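Accompanying notes for the structure given below.
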Amino acid sequence: MFNTMTRFLARRMGWWVFVVLLIYTMPSLAVEEPAYQVMQKLEVFEVRQYPPYVVAEVVLNTPADEAGNDAFPILAGYIFGKNKGDKTFAMTAPVTQTAVPVKMAMTAPVTQTTTTGGQQVRFVLPAGVTLATAPEPLDSRVQLREVPAQRVAVIRYSGRWTDANYLEHLGLLMQAMRSQGMEWEGEPVYARYDPPFMPWFLRRNEVWLTLKP
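In this note's numbering, the protein residues as written are 84 to 296.
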């Protein structure tokens with residue numbers, strides 16, 4: 084009954100508006116983040132250690148400034164029941180976005196695979212969800228993946244979701260890492276934690292760079 088009503092309301096209101104209202108009006112749907120440990124805190128950035136976690140992701144051949152809006156209803160559809168079993172998940176943060184191609188480690192034997200073109204947008208699934216227990220998406224564009232344990236350098240900032248703001252802080256992060264003799268690999272990850280109606284000066288935005296082992 085809940086799943087049927089959820090899908091009905093979402094179609095009537097639009098997925099983005101509906102999900103935002105759910106997150107910020109229902110205490111039982113408090114937003115969780117993937118667990119991490121702060122390994123080092125520096126003036127400009129901090130180093131975090133993330134254990135493995137499972138994501139639902141979609142890769143779209145769309146401009147970077149449109150990818151989030153285009154991907155959101157696809158991924159929200161999955162976590163709100165568009166999957167085999169009609170299972171729903173609590174919303175999590177952040178929503179991350181990465182330019183592709185991106186090299187990602189696969190299961191043993193260890194190999195590398197590269198996706199082709201576009202923007203990769205991910206929802207982190209709640210703690211305790213594994214690839215074995217996550218229901219299969221009904222939308223073939225949605226892929227499930229386990230992100231391996233990783234150590235990332237993170238710069239946090241507020242402000243509007245503009246390319247200029249993102250690139251400014253990416254540059255600050257890279258410069259600060261170089262000053263510490265730290266090297267990174269792969270593409271930068273853009274992480275957004277807040278809905279569109281959050282005032283720009285209160286938003287939590289981050290850029291992540293994966294540290295080389």
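All residues carry an ideal CB built from backbone N, CA and C; glycine is no exception. Since the structure is predicted, the reported quantities are computational estimates derived from the model, not experimental observations.
Verify whether the separation of the beta carbon atoms of residue i and residue j is less than 7 Å.
i           : j           : result
residue 182 : residue 270 : yes
residue 215 : residue 134 : no
residue 225 : residue 136 : no
To the nearest angstrom, how far is it from the Cα of residue i to the Cα of residue j?
i           : j           : result
residue 243 : residue 177 : 16 Å
residue 332 : residue 149 : Residue 332 lies beyond the range of the chain shown here (84 to 296); nothing can be said about it.
residue 180 : residue 223 : 19 Å
residue 248 : residue 212 : 33 Å
residue 60  : residue 169 : In this structure the chain extends from 84 to 296, so residue 60 is not present and cannot be described.
residue 146 : residue 159 : 20 Å
residue 268 : residue 261 : 13 Å
residue 285 : residue 272 : 20 Å
residue 117 : residue 209 : 8 Å
residue 167 : residue 123 : 41 Å
residue 144 : residue 154 : 11 Å
residue 132 : residue 246 : 27 Å
residue 114 : residue 125 : 27 Å
residue 56  : residue 217 : Residue 56 lies beyond the residue range present for the chain, which begins at 84 and ends at 296; the question has no answer from this structure.
residue 190 : residue 175 : Because residue 190 carries a pLDDT of 44, less than 50, the predicted location of this residue cannot be relied on, and the following value inherits that uncertainty. Taking the straight line from one Cα to the other gives about 25 Å.
residue 283 : residue 228 : 31 Å
residue 280 : residue 250 : 22 Å
Cα-Cα, which of the options is closest to residue i?
i           : options            : result
residue 257 : 118, 127, 116      : 127
residue 165 : 265, 281, 239, 220 : 220
residue 129 : 284, 281, 169, 259 : 259
residue 236 : 227, 245, 209, 264 : 264
residue 295 : 266, 282, 272      : 266
residue 289 : 241, 246, 262, 281 : 241
residue 120 : 245, 234, 250, 292 : 234
residue 293 : 280, 171, 230      : 230
residue 238 : 291, 152, 283      : 291
> Any contact of the stretch 128-140 with the stretch 198-213, i.e. 3+ C-beta pairs under 8 Å?
Replying inline: Touching, yes.
>> Does the stretch 252-266 come into contact with the stretch 274-285, if we say contact requires no fewer than three beta-carbon pairs (one atom in each stretch) closer than 8 Å?
In response: Remark: fewer than three beta-carbon pairs, one from each stretch, lie closer than 8 Å, so the stretch 252-266 and the stretch 274-285 are not flagged as touching.
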